[in-house]
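What follows is a short report on a single structure.
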Amino acid sequence: MILLFSLVISAMFAAGSYLMLKRDLIRLIAGMILIGNAANLFIMASGLRRGDAPILPIDGEGADPLVQAMVLTAIVISFAVAALALALVYRVYTSHYSVDLSRLAAAEEQQSERDEPETGDLRDDIYDDTEGTPNSDASEEGAP
Amino acid sequence: MIALPLGILWFGGLVLAMMDGTRKLAGWLAVLVLAGAMFATMLVGISAYNNGVQTMAVGGWSMGVGITLRVDMLSIVFALLSQGVLLAALLFEVVNDVGARIFPALVLFMGLGLTGLVFTGDAFNFYVFFEISMISAYIMASYGESPRQFRAAFVFITVNLLGSVFFLIGIAAMYHTTGFLDMGRIRDQMPLVQENPAILTATIIFVAFSIKLGLFPFHFWLPAVYTGTRPSVSAILSGALANIGTYGLIRFGADIFPRELREAAPVLIALGTASIIYGAIQALSRHSTSEVLAYSAIGQVGYIMIALGIGGPAGYAAAVLYTVINSTNKALLFLSGSLRGWLAGAAFVIGAFSVAGVPPAVGFLSKMALFQVGIQDDQPLLVALIFLGGALSFVYMFQIYRRRTAEIEAQETSPWGVQVVVVLLALVVLGLGVWPDPLLNLAERAAQSLPQGQIP
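Keeping their order, the protein sequence lines are chains V and P.
Add 79 to the 1-based position in the first sequence for this note's numbering, that's all there is to it.
Once you know that position 387 of the second sequence is 379 in this note's numbering, the rest is easy, because the numbers rise by one and skip nothing.
So, in structure tokens, the structure goes:
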């Protein structure tokens, strides 16, 4: 059983790493989600033992309830982070009209060549942006 | 009592999340909440200082069943440091007009995460608080909402999510090898664990925290993020969030894996040296202020790594002291570096002197502590390295200062309010340097709360 688990975990990890090397941001996020879930499976495997469901009253050997509680928490967290990352990809898309990593890198290079002097005044910077108000999307991303 | 700072921040964050943070009133309310939480942390700190470690099982469970909160001086120092940096950055934004309605709430949630993870005595609970602060940071990185900020936020989220996954795997490995999640019990069980699994687990956790910290081979994400985000956000990321890395390395390294840390000491010192040299050389060759500061941040964590590698009471005290001073310096420099005007310029100079280790500023203390550690440990190479690093940082700080004075004439000055905020922060840096006893004492006490850090 442990062998099967480790095979599945390593396969998921490998697939996730492969996807993370892609230039497409959506695939990159998919790779991140896969790696996160491989970690969740790893937690399950770390407390794996045969037994009845850990519900009182337990007679005899029960399964380990702690790993299940941990995995549940970790799944919720990775789900929330995945949603956040996808929202961010959407904002990257609306501001660059591309989800290709090489295009983003090109934009970054242009930026550093311009080498603009920074100012501490935030307001000008935001309202120069043509798309929408600055407040609407940030609050949605932040909602738990 | 111990949970009071967490409660204040949690409740305050929830209330502020429903308010429009761009309004002055909401901003000042957030400042008030954060200051209240800091006060509560100090109260907890006073009782921890006088009576030793404070513990509490949450949720009314009996000790050993429920999740424990465990507060010692190390926790207090890091909690106060993170909250202080957050408070400075929040004040800076509130005075300067907050640009996103969620920002004040995010600062409070990050404060909750950073305070929670130093207060908790449970490894998995550590991960949960860690994620609370990381998620706030992910959202915060895109604050400003220009294309550049989105790119920075994307790099940040990708790399740091991987770091979090590594940490999660490390926790699962610790649970598997020891059978406990409580950090105190893991520490008791760890010597019984076989060598190979223990080293593997320690390495995974080291990688996870080094990614957060931006230590040399894991630094690749850091310049892009620190230069891309708004000045206040870079101040928060380098001054408050990076403390997760240092605290994690000290807590998990010196407390839970002391055997592995001792074996890995040469590696830590080598990585630290590489970090110092790489950071300084890169900083010398950069032009914009934020880029120089980002590479300087990579260099500065190298010193912390060296102090940690030497270990012992003096080494751990130096690591804590260096972290406190480095975080304050970075917050001051990122905030004041974005402003124009003679007050902000003066604040920037104080910060630059502090990084270079010139006497009246507090940075001198941290360099002194490292010198002492190097001489005590009889490592002349190390002393030479620290001196070289200090000299290089003096050169690059002087370079950006000269470039700034050339720019100043061309631009109008920033509003007075913001300049006053950075000057207050600069006065803190100066004050700690002039009257260093409390800080030195705190760092020593923090080191004593580690099993290897007690004076024999």
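The beta carbon of each residue, even a glycine, is placed where N, CA and C say it ideally should be.
Please read all numbers here as calculations on a predicted model, not as lab measurements.
* Which residues, in order along the stretch 169 to 183 of chain V, keep a beta-carbon less than 8 angstroms from a beta-carbon of chain P? -> Cβ contacts with chain P come from Arg170, Val171, Ser174, His175 and Leu183.
* Report all residues from its chain with a CB closer than 7 angstroms to the CB of P:Arg15; omit the five preceding and five following residues, and keep chain order. => Hits under 7 angstroms: none found.
* Look at V:Ala298 and V:Ile81 and say whether their C-beta atoms are less than 8 angstroms apart. => Since the displayed chain V opens at 80 and closes at 223, residue 298 of chain V lies outside it and no answer follows.
* Going along the chain, which residues of the stretch 207 to 221 of chain P sit with their C-beta nearer than 9 angstroms to a C-beta in chain V? -> Of all residues in the stretch 207 to 221 of chain P, the ones placed with a Cβ closer than 9 angstroms to any Cβ belonging to chain V are Ala216, Thr219 and Gly220, in chain order.
* Asked: Between which two residues does the alpha helix (DSSP H) carrying P:Arg437 extend?
  -> Start and end: Asp429 to Gln440.
* chain P contact residues for V:Ile156, given Cβ-Cβ distances below 7 angstroms -> What V:Ile156 touches in chain P: Glu123.
* **Contact list for P:Tyr167 against chain V, beta-carbon separation under 9 angstroms** => Close to P:Tyr167, with beta-carbon spacing below 9 angstroms, are these residues of chain V in chain order: Ile122, Ser125, Gly126, Leu145, Val146 and Met149.
* To do: Measure the alpha-carbon distance for P:Gly76 versus P:Ser319 and round it to whole angstroms.
  => Cα to Cα, P:Gly76 sits roughly 10 angstroms from P:Ser319.
* Whole-angstrom distance between V:Asp138 and P:Ile242, CA atom to CA atom -> One C-alpha to the other measures close to 43 angstroms.
* Proximity test, Cβ basis, 8 angstroms: P:Ala200 and chain V -> No - not a single Cβ of chain V is within 8 angstroms of the one on P:Ala200.
* Asked: Is the Cβ of P:Pro139 closer than 8 angstroms to any Cβ of chain V?
  -> P:Pro139 counts as touching chain V.
* In terms of alpha-carbon separation, which member of P:Gly231, P:Leu154, P:Phe198 and P:Val199 lies closest to P:Ala80? -> With distances taken between Cα atoms, P:Ala80 lies closest to P:Gly231.
* What is the DSSP secondary structure of P:Gly381, reduced to helix, strand or coil? -> DSSP places P:Gly381 in helix when its eight states are reduced to three.
* Whose CA, out of P:Leu324, P:Leu362, P:Gly51 and P:Leu331, lies closest to the CA of P:Met297? -> It is P:Leu362.
* What does P:Leu17 reach in chain B if we use C-beta pairs closer than 7 angstroms? -> Here chain B cannot be found, since the structure's protein chains are V and P.
* To do: Below 6 angstroms CB to CB, which residues in the same chain sit around V:Thr198 once its five sequence neighbours on both sides are set aside?
  => Confidence at V:Thr198 is low in this model, with a pLDDT of 44, below 50, so the placement of that residue is unreliable and no value is reported for it.
* Where does P:Asn117 land, buried or exposed, given buried means 16+ other C-beta within 10 angstroms? -> So P:Asn117 counts as buried.
* To do: Would you kindly work out how many angstroms separate the C-alpha atoms of P:Val387 and P:Arg396, rounded to a whole number?
  => Each residue's CA atom was taken as its position, placing P:Val387 and P:Arg396 some 14 angstroms apart.
* **Residues that DSSP places opposite P:Asp174 in a beta bridge** => Residue pairing by DSSP puts P:Asp174 in a beta bridge opposite P:Asp114.
* **Residues bridged to P:Phe46 [DSSP beta-bridge criterion]** => Looking at the sequence shown, residue 46 of chain P is not Phe but Gln. BP columns for P:Gln46 point to P:Val63.
* Asked: Three or more C-beta pairs closer than 8 angstroms, one from the stretch 106 to 126 of chain P and one from the stretch 152 to 167 of chain V: is that the case here?
  -> Yes, the stretch 106 to 126 of chain P touches the stretch 152 to 167 of chain V.
* Other residues of its chain near P:Met30: CB distance less than 6 angstroms, five sequence neighbours each side excluded -> Gln75.
* To do: With DSSP collapsed to three states, give me the class of V:Gly141.
  => If DSSP states are grouped into helix, strand and coil, V:Gly141 belongs with the strands.
* To do: For chain P, find out if any of its Cβ atoms is closer than 8 angstroms to the Cβ of V:Val87; answer yes or no.
  => No, V:Val87 lies away from the interface with chain P (no Cβ there is under 8 angstroms from its Cβ).
* Coarse secondary structure for P:Asp180, derived from DSSP in three states -> Per DSSP, reduced to three states, the secondary structure at P:Asp180 is helical.
* Helix, strand or coil at P:Asp247 [DSSP, three-state] -> Three-state DSSP puts P:Asp247 in a helix.
* Asked: Do V:Gly130 and V:Ser157 come within 8 angstroms of each other at the CB atom, strictly closer than that value?
  -> For V:Ser157 and V:Gly130, no; Cβs fall outside 8 angstroms.
* When the Cα atoms are used, what is the spatial distance from V:Ser218 to P:Arg93? -> Confidence is the limiting factor: at V:Ser218 the pLDDT is only 41, short of 50, which leaves the residue's position unreliable and the question unanswerable from this model.
* **Length-filtered (4 minimum) alpha helix (DSSP H) runs lying within the stretch 217 to 276 of chain P** => With a minimum length of 4 residues, the continuous alpha helix (DSSP H) runs that stay inside the stretch 217 to 276 of chain P are 223 to 228, 234 to 240, 250 to 255 and 257 to 276.
* Round the Cβ separation of P:Leu327 and P:Leu417 to the nearest angstrom and send it over; I've been treating them as touching at under 8 angstroms. => Yes, they are in contact, since the Cβ atoms of P:Leu327 and P:Leu417 sit about 7 angstroms apart, within 8 angstroms.
* Asked: Counting along the chain, where does the alpha helix (DSSP H) carrying P:Lys204 start and finish?
  -> From DSSP, the alpha helix (DSSP H) with P:Lys204 extends over Glu187 to Leu205.
* P:Asn42 to P:Ile248, Cα distance in whole Å? -> Cα to Cα, P:Asn42 sits roughly 25 angstroms from P:Ile248.
* **Cβ shell of P:Ile261 (< 7 angstroms), same chain only, five flanking positions each side left out** => Closer than 7 angstroms at the Cβ level, and outside the excluded window around P:Ile261, lie Ile298 and Gly301.
* To do: Find the nearest neighbour of P:Leu325 within the set P:Ser138, P:Gln141, P:Ile392 and P:Leu373, judged by alpha-carbon distance.
  => A check of alpha carbon separations from P:Leu325 across P:Ser138, P:Gln141, P:Ile392 and P:Leu373 identifies P:Ile392 as the nearest.
* To do: Tell me, please, which residues DSSP counts as bridged to V:Asp131.
  => Under DSSP, V:Asp131 takes part in a beta bridge, and its partners are V:Gly141.
* **Supposed close pair P:Gly171, P:Ser202 - CB separation, criterion 8 angstroms** => The distance from the Cβ of P:Gly171 to that of P:Ser202 is about 27 angstroms, inconsistent with a contact at the 8 angstroms cut-off.
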